[in-house]
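Protein chains in written order, with our numbering: chain A, 7 to 270; chain B, 4 to 269.
Heads up: the structure comes next, in structure tokens.
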Amino acid sequence: MTTAEKVIEVENLVTHYGPRLILDDVSLNVREGEIRIIMGGSGSGKSTLLRYLLGLNRPTSGSIRLLGTDLTKAKPHEFDEIRKHLGVSFQGGALFTSMTVQENVMLPLREHTKLDESTMAIMARMKLEVVNLGGFETLTPAQLSGGMIKRAALARAIIMDPKLLFFDEPSAGLDPVVAAELDDLILNLRDAMRMSIVVVTHELDSAFKIADTITVLDQGKILITGTVEEVRDCDHPRVQDLLNRQSSVEALDADEYLRRLTGD
Amino acid sequence: MIRWFAQFLDRVGRGVVALIAEWGYYGALIAESGYWVFMGRTRRQPVRLSAIFGQMMVVGVAAIPIVFILAFAVGVMLTIQGIHTLRTFGAESQVVIGVALAVTREFGPLITGVVVAGRTGSALAARIGTMVVSQEVDALSVMSISPVRYLVVPVIAAMLLMVPSLTFMADVAALIGAGLLTGLELGLSPEAFLDRTLQVLTVDDVMQGMAKSVVFAVIVALVGVSNGFSVTGGAEGVGRATTRSVVHSITYIVLADMVFTWFLNL
């Protein structure tokens, strides 16, 4: 495992939203074939980190290298090239509501290849079979259930056989059975296609089930990166709060509290 | 008092900066659209003709009935008012001159612009805004499909072709209305009406209206698209952007019309 090539290298990433500091000196590496979970509570910056990994925002400082290309310095055509090796499954699926499931899955092929229509249709149906959505290709996203939407989005994400697959909250809003199916699907994909997979989630069960390694993010900083056991054994109080679902009561500074209330 | 004045200045300043930023965004959108039209092939992201035709149906063909009815009604109203006014001088037979010029130079393009702003401008803001909220625009970006190339350029191209066409149809519809009214009120035969109209009109009059309509098309497209892309805050944000895009497009259209008319006629 340790000899595998690094496919994601993030160094000293600092980002702001307006004047507010969101990510504070984040560094992490993901190796080929690894399933990395990025975990953290709401507002920990994990979804933000994903946006930067996808190159949707420009960081304040630091570098993000995907498959050896630095996103912060990439030229537009290099960007296009890198993104053809990425697959992304967004939180709400982000399927195009005006198209059928099959047209959604075919869209990257249609835009980036010169294959003929029937070949693209066959490839799309194959990917839909992979995610157990065979036979649903003529439906529109509005006619699908939450779990089916996530699986259709996954089919679209893997249509170009990406080297890197990103997931934003795969199990959010799904019942436990469907969420577990999705977890199995992620594991199968890694084994069948040798993809490196990054999953952003706050679901503990699913995280421990599929993770090779876990990065715990809290208030824009990385608390720990390690294997499942290392994270479980970590004695950092914030990590334990997250693992044991304890509410954390921050120590209160009386002056600071007063300042916040009066708004000065 | 000083504090109040400072706050007032602060608000004005922020407003001006926001306005300049918005206009800058319009400029950037035009530049990027142009880039994709000419450079799309070399970047292997051509603008699809099928997408342009699809938008032409939505923007243009589907708007034919409403534009026709409104332009017809305006033609009728202009003629009624024209006859009423000119009757004071006993010159009601001259109404054809006024109506023909007013319709082709002013009301044809204006009616079309307002209808397109209401139909297409709002639909654009709502569609793109919804796509921003549901991360569909992000999804396009990470698939290496430029949102501007895929969503914006087909609409602008379709508008540039269809709004002038609609304007020409609006001219004709308004003149049909005027012809009917002059027939009923003044007993002018359709042939005589057509004859008088063609005598009065020059190519320049019609082209002036067409040129305006091209400007209106660009305004509606840019305002709709930029409001859509700047949506934040879910469904409510989409609603706000939709309203804003209609109000702003119509305002800009009327102002641009005034400026245009000023420079072309003085």
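Glycine residues also receive a C-beta, built at the ideal position from the N, C-alpha and C atoms.
Assigned secondary structure, residue i (DSSP; H/G/I helix, E/B strand, else coil)
i: V205 of chain A; result: strand
i: K215 of chain A; result: helix
i: R42 of chain A; result: strand
i: H275 of chain A; result: Not covered by the structure: residue 275 of chain A. The range shown for chain A is 7 to 270.
i: K81 of chain A; result: coil
i: N138 of chain A; result: coil
i: D181 of chain A; result: coil
i: V234 of chain B; result: coil
i: S33 of chain A; result: strand
i: E11 of chain A; result: coil
i: L160 of chain A; result: helix
i: T45 of chain B; result: coil
i: E194 of chain B; result: helix
i: D197 of chain A; result: helix
i: D259 of chain A; result: coil
i: T268 of chain A; result: helix
i: I165 of chain A; result: coil
i: E143 of chain A; result: coil
i: L5 of chain A; result: Because residue 5 of chain A is not part of the residues shown, which for chain A are 7 to 270, the question remains open.
i: L56 of chain A; result: helix
i: L150 of chain A; result: coil
i: L62 of chain A; result: coil
Beta-carbon neighbours of residue i, restricted to chain A and to distances below 8 Å
i: I148 of chain B; result: L113, P114 and E117
i: Q84 of chain B; result: Neighbours of Q84 of chain B on chain A: none; closest Cβ ~44 Å, over 8 Å.
Endpoints, the beta strand (DSSP E) within which residue i is located
i: F172 of chain A; result: L170 to D174
i: S67 of chain A; result: S67 to L72
i: T231 of chain A; result: K227 to T233
Nearest-angstrom Cβ-Cβ length linking residue i and residue j, presumed shorter than 8 Å
i: A163 of chain A; j: S95 of chain A; result: 5 Å
i: T82 of chain B; j: L204 of chain B; result: Rounded, the Cβ-Cβ distance is 16 Å, inconsistent with contact.
i: T245 of chain B; j: A128 of chain B; result: 5 Å
i: T123 of chain B; j: V223 of chain B; result: 6 Å
i: T107 of chain B; j: D174 of chain B; result: 5 Å
i: D167 of chain A; j: S147 of chain B; result: No, D167 of chain A and S147 of chain B are not in contact; Cβ-Cβ is about 15 Å, not under 8 Å.
i: F75 of chain B; j: I179 of chain B; result: 6 Å
Within chain B, partners of residue i - CB distance below 8 Å
i: G153 of chain A; result: Those do not exist, as G153 of chain A stays about 17 Å from chain B at its closest Cβ, beyond 8 Å.
i: A100 of chain A; result: S137, Q138, E139, D141 and A142
i: F96 of chain A; result: Q138, D141 and A142
i: R26 of chain A; result: Going along chain B, no residue has its Cβ under 8 Å from R26 of chain A, so there is no contact; the nearest lies around 15 Å.
i: L62 of chain A; result: D141, S144 and V145
Within chain A, the residues that residue i reaches when beta carbons sit closer than 9 Å
i: R46 of chain B; result: P82, H83 and D86
The alpha helix (DSSP H) enclosing residue i, as first and last residue numbers
i: S95 of chain A; result: From DSSP, S95 of chain A is part of no alpha helix (DSSP H) but of the beta strand (DSSP E) over L92 to S95.
i: I159 of chain B; result: V156 to L189
i: G51 of chain A; result: No alpha helix (DSSP H) contains G51 of chain A, which DSSP labels as neither H nor E.
i: R244 of chain A; result: P243 to L249
i: F263 of chain B; result: G237 to N268
i: K120 of chain A; result: Premise fails: K120 of chain A is in no alpha helix (DSSP H) and is neither H nor E.
i: R74 of chain B; result: According to the sequence displayed, residue 74 of chain B carries Ala and not Arg. First-last of the alpha helix (DSSP H) with A74 of chain B: I67 to R90.
i: M356 of chain B; result: There is simply no residue 356 of chain B to check, as chain B begins at 4 and stops at 269 in what is shown.
i: S125 of chain B; result: S125 to V136
i: T205 of chain B; result: Neither: T205 of chain B is in no alpha helix (DSSP H) and is coded neither H nor E.
i: F102 of chain A; result: Run containing F102 of chain A: none; DSSP gives neither H nor E here.
i: R114 of chain B; result: Contrary to the premise, residue 114 of chain B reads as Ile rather than Arg in this sequence. Note, I114 of chain B: alpha helix (DSSP H), G111 to V119.
i: V98 of chain B; result: V98 to A105
i: A54 of chain B; result: L52 to V62
Neighbour list for residue i in chain B, Cβ cutoff strictly below 9 Å
i: L264 of chain A; result: In chain order: nothing, as chain B lies at least about 25 Å away.
Contacts that residue i makes with chain B (C-beta to C-beta distance below 7 Å)
i: K90 of chain A; result: S147
Near the ligand MG: residue i beta-carbon under 8 Å from a heavy atom
i: L104 of chain B; result: As presented, the structure is devoid of all ligands, the ligand MG included, so that no description of it is given.
Cutoff 9 Å: residue i Cβ touching any chain D Cβ
i: D218 of chain A; result: The structure shown contains no chain D; its protein chains are A and B.
Along the stretch 120-149 of chain B, what residues have a CB closer than 7 Å to any CB found in chain A? S137, Q138, E139, D141, A142, S144, V145, M146, S147 and I148
Give me the subset of the stretch 159-176 of chain A whose CB atoms are less than 7 Å from a CB atom of chain B, sorted by chain position. none
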